[in-house]
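K.L.:
Residue numbers (this note's numbering): 145 to 268.
Below, the structure is given as C-alpha cells:
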C-alpha cells in the first residue's frame, strides 16, 4: 500500500482510470489512493505492476517530448543560421553591385579618347 502513497498524483489518476474509475483532477492523493483501493478489481500485486507500467509510460512520454523539443530547437536554430547566411549573402551581393556601379560611374567620367577631362584641366 505504501507504494501508492509514494506515487505521483498524475500516476495515481492514470492507475485509477485503468481500473475503470473516473477520478477528478481535483482529487487529493489520499482520495485517489482510497478510490484505487476501494475498486472491486483492486489487487495489490496487480496494482503495483500496473503502476510501474504507468510510470514507465509517463517517463517514456517525457523522454519523447524532450527529444521532440530538442529536435524542434535544433531545426529552429538551423533555420536561423540559414536566414543569417542568406542575409549575409544578400548584403555581399548588394555591396558587389554598389562597387560595380562605382566603377561604371568612374568609366563614364573619363573621356573615351584617353585625354584628360577638360573641366579638370589647369588653365594657366
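Quick reminder that beta carbons are idealized off the backbone N, C-alpha and C, glycines included.
1) Would residue 177 and residue 208 qualify as a contact pair, given that the criterion is a beta-carbon distance under 8 Å?
2) Distance, Cα to Cα, residue 172 vs residue 220?
3) Take residue 248 and list the residues in its own chain whose beta-carbon comes closer than 8 Å to its own, dropping the five residues that flank it on each side.
4) Does DSSP classify residue 168 as helix, strand or coil?
5) Is residue 159 closer than 8 Å to residue 174 when the C-beta atoms are compared?
P.N.:
By the coordinates alone:
1) no
2) 40 Å
3) none
4) coil
5) no
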